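Mind the numbering: the sequence shown is residues -28 to -1, 1 to 753 in mature numbering (1 follows the signal peptide of the UniProt record, and there is no 0), read in order.
The beta carbon of each residue, even a glycine, is placed where N, CA and C say it ideally should be.
The model shown is predicted, which means the values in this text are computed figures rather than measured ones.
What follows is a single structure, written as structure tokens, with notes after it.
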Amino acid sequence: MKKNKFLLNAIESGLCAAALLFGAVSCADNDDDDSTPAKKSFGVLADGSDKGRKAVTAPSTQGTITLTVGSGTGTTYPTIAAALSAAASASGDCVITLEKGTYKEDGLSYSGNNNLKISGQTTAEYGLDVVILGQGSDTSSEKGRSTLAIAGKGNIVLENLTIKSSRQETKGTAQAEVIGTDGTGNLAAYNCSFLSGQDTLRTVAKAWFYKCYIEGDVDFTWMEYTNGVVALYEECVLRAIGTRTDKAYFTAPRLGLTSKVGKGLVIYNSTLEAESGLKELYLGRNPWASSNLKDYYEQVAFIGSTLNLPEGVTLNADVWASQANGTSDQKYIGFKTDDYFPAGKYGVVLNSSFVAKEYAGRENILNRLFVVASSKFQKDTDGYWDVKKVISDNGWDVKTDTSKSLLDGEKEVVKTVYDFSTADAGAYVDSTVTIDGFSKHSGSENATGGSGKTITIPVAGKCVVTVKGDYSGWGTIKAGSQGEGVYNINSGSTSKYLECGYVVYDAAATSVVITAATTSYINSISVEYDDTLSFVPVTEISVAAASSTFTVGVANSMKATVTPDTASNLAVKWTSSDTTVGTIDEFSGEVKFLKAGDVTFTATARDGSGVSKSIVCSSEAATWTSAEWYDSKDSSSSTKSGSGTGLGGAAGTNNSVFDTGTAGGVTLGSVKSVTLIDGSVASISTGLKMNSSGKITFSVTKAATVKVLTGYCSDSNKTNDTCGITSSDGGVATADSSNSTTAPTSDAAYIWTLTPGTYTVGRVGAGYAPSIYYVRVDLNN
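Laid out in structure tokens, this is it:
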């Protein structure tokens, strides 16, 4: 269907120049097989009016709720919650039918393994006369705040109904999903409405919304990184509302750093609406702290979709509100649109040939993945979803889709998996696998090995080898005479897996050796054969320091960017010209300056190309004698103490001494008053969220004393742990006798005397610790 074109206040002129000025990616993806697309006008409705929200037409009372298991006879239930509970323990697939009415229920959840369908008994557009109205059971937690929380292994079908959050109009930070999925099953929704404000729909696995109506404001379609793959919104209406805020973002896409990446959020052949009064409107953003940018991919595409805006509302000229972590061109992973939209500051406009190849229709979008190591798309064989069967089974009236998941000329993937998840897994007893020093880790689904330990697997030609693991581990992957690759499975969590791929382009290769450099927890190693693979060498490396401050005892790190990012092996090895002045971790690029002087750090491509790049650093002796850190974020907009938030930035005297890494923030239960080094008093309302990422690192070159203040949040996430301190280089911390050794139930202070070294303050065990809101270090001169 031909797109409607509308006139918008001119924002196109100079967009490409502005994007280049700010270091953004190019405004269009320029494949050789297609010319750069021309920009098109877009924007306001023909008459400039706001067409208004869709009206709920359901009776005020609820109707009959019926659960049918398999081909059995239906049973009525007084509540949806009771029907969901029965469905979870039933002996077969289930259907819950809802008559026209309003069902007021909070905290609905389903975590069963049975496939489940919830069907409104109506033909009304968007199911607006069958309404589930409510909120989550715990509005302070991500997995507790959904009106309907879905987990388990069962596939879910929703049709002809509306789910509305009773918190849709709640002011402030009111994250209020109407659906939150956390299972491994897929979700299909047909002719439904989903009405909320912030975070309306959160999905993982695969999801498909067809002819649905969605209301929200901030990040109102988003994806969780844990096992998110793709969420396709096809022929839907996404309406940005403006009653809670004057700023709206249609999407917030987040995917894990997996070796294969789904297409994330795809807004396909849909309509984007907005209400009058919105002052800022963006297609999407990365709402997570910039320090966490490297921890996730952001993946979204707007294809075949149009804007319908009222007079006075315009799409921001930047289009995207922040940067996405993805491929450098954003084409394969990142923020992207077709040629209806401008690229903006951070995105890319896909050319028509790429759209026709990789965004041709629902089968193509839902069932193809991007393989990071080989920089190629392929059919998702492991997670294939037969959407045609879903349509047929439910008798839906859906536009015919002729797209393909396996393109012409492609072959089905042949895959071998070496599984280390259980003691009797095949990898341990497979005589073709040589295991030297790795063994089953008690209490986890991994093989664990320390530095120098190896796993050798057989291969039979060109392939992609993927190492999957969790918690921690650096190491190398090598086939024959090829350059070595690197795996990094340092997730910091036993429930968050990372995957790293390595391209074997030598057809004569017979084995691949995985060697641990640090203690590694490996869950599996997979091999996928592809005889079209070839060697793409690194041609250039650029390097940069995280901070321009090179001071003894102050943490820093180096980053290498490899060109092209489609090279077969993107790994580099870091070296130092003088380890008495400064050391650098060969894998992570983390730097420690040990004394004043000049030192050169060099990144060398590990692919054997010989390409390298250096950076010269002149470190200076530390001049500080006292340093302090606290978070500068004002949490006055938070609606509840203990709710998660982003860090606002370091404050305090000489605060660059401290590194919080990827730590997040948490709103304290009360405002804390602290006397600072300069004698002034600070009011602090935000601290470090003390989970696995909640750490603060610093170095001292002399004996010192550190004082740490923590704030107890009674409604925070299980503050049942204590704070502790460790050293990565032999430093010794002696605890003051006043330090608590048991889980505190109120604010607490910790004091340690230190020998020279690098220290990290964090939680002691696996639970949450009270938030750190102030740290002070004094050198003992």
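| Just checking my contact of residue 841 with L204 at CB under 8 Å: how many whole Å lie between their CB atoms? | The chain is shown only over -28 to 753; residue 841 falls outside these bounds and no answer can be derived.
| query | In whole angstroms, what separates the C-alpha of residue 758 from that of Y731? | reply | For the chain, the structure presents residues -28 to 753; residue 758 sits outside this window and is missing.
| What number of angstroms, rounded off, separates the C-alpha of S609 from the C-alpha of N339? | Since pLDDT at S609 reaches only 45, below the 50 mark, its modelled position is unreliable, and the value read off the structure follows with that caveat. Between S609 and N339, the C-alpha separation is close to 41 Å.
| request: Following the continuous alpha helix (DSSP H) through V362, name the residue where it begins and the one where it ends. | output: 359 to 366
| request: Measure the beta-carbon distance from G637 to T658 and round it to whole angstroms, keeping in mind my assumption that it falls under 8 Å. | output: 5 Å
| Whole-number beta carbon distance between R174 and I151, since they are thought to touch under 8 Å | 7 Å
| Beta-carbon contacts of T438 that lie in its chain and below 6 Å, excluding the five residues immediately before and after | S231, E471, G473, S498
| said: Assuming contact is defined by CB atoms lying nearer than 8 Å, are E270 and A296 in contact in what I supplied? | reply: yes
| query | Assuming Y390 and S496 make a contact with CB atoms under 8 Å, what is their CB distance in whole Å? | reply | 6 Å
| request: Whole angstroms is fine: what's the gap from L24's alpha carbon to T309's? | output: According to the sequence as given, residue 24 is Gly; it is not Leu. Taking the straight line joining both Cα atoms gives about 26 Å.
| request: Find the nearest neighbour of A224 within the set S242, E252, W194, judged by alpha-carbon distance. | output: W194
| task | Give every residue of the same chain whose Cβ lies closer than 8 Å to the Cβ of E600, excluding the five residues on either side of it in the sequence, and list them in chain order. | result | G624, T625, N626, N627, L648, I649, Y746, V747, R748, V749
| task | Would you list the one or two residues that DSSP bridges to W596? | result | Note: W596 sits in no beta bridge, so no partner.
| task | Please say whether V475 and I429 have beta carbons closer to each other than 8 Å? | result | no
| request: Would you list the one or two residues that DSSP bridges to C164? | output: For C164, which the question treats as bridged, DSSP gives no partner whatsoever.
| message | Within a Cβ cutoff of 7 Å, which residues of the same chain sit near S416, ignoring the five residues on either side of it in sequence? | response | T466, Y493
| request: Kindly indicate the opening and closing residues of the beta strand (DSSP E) around K661. | output: 653 to 662
| task | Taking 8 Å as the cut-off, decide whether the C-beta atoms of D557 and W546 are in contact. | result | yes
| Where F573 sits in the DSSP three-state scheme | strand
| message | What would DSSP say about F326, mapped onto helix, strand or coil? | response | helix
| message | Using the three-state DSSP reduction, which class does V431 fall into: helix, strand or coil? | response | coil
| K125 burial status per 10 Å Cβ neighbour count (16 or more: buried) | exposed
| query | Can L80 and G106 be called in contact, C-beta distance under 8 Å? | reply | yes
| task | Can you tell me which of the three DSSP states V563 falls into? | result | strand
| Less than 8 Å separating the beta-carbons of F307 and V344? | no
| query | In its own chain, which residues sit with a C-beta less than 6 Å from the C-beta of R735, not counting the 5 before and 5 after it? | reply | M662, D693, A741
| Skipping 5 residues on each side, what residues in its chain have a beta carbon closer than 6 Å to that of I(-18)? | Confidence is the limiting factor: at I(-18) the pLDDT is only 29, short of 50, which leaves the residue's position unreliable, though a coordinate-based value still follows. Excluding positions up to five away in sequence, the list reads A289.
| Inter-residue Cα distance where the pair is K136 and E187 | 9 Å
| query | Among the residues of its own chain, which have a CB less than 6 Å from the CB of A738, if the five just before and after it don't count? | reply | none
| field | For I305, the three-state DSSP class (helix, strand or coil) | value | coil
| request: Please report how far the alpha carbon of T725 lies from the alpha carbon of V563, in whole angstroms. | output: 24 Å
| query | Nearest-angstrom Cα distance between G46 and T36? | reply | 11 Å
| request: Please state whether DSSP places G155 in a helix, a strand or coil. | output: coil
| said: So for I52, helix, strand or coil by DSSP? | reply: helix
| field | Contact check, S743 vs G683, beta carbons under 8 Å | value | yes
| query | Do V385 and K351 have their CB atoms nearer than 8 Å? | reply | yes
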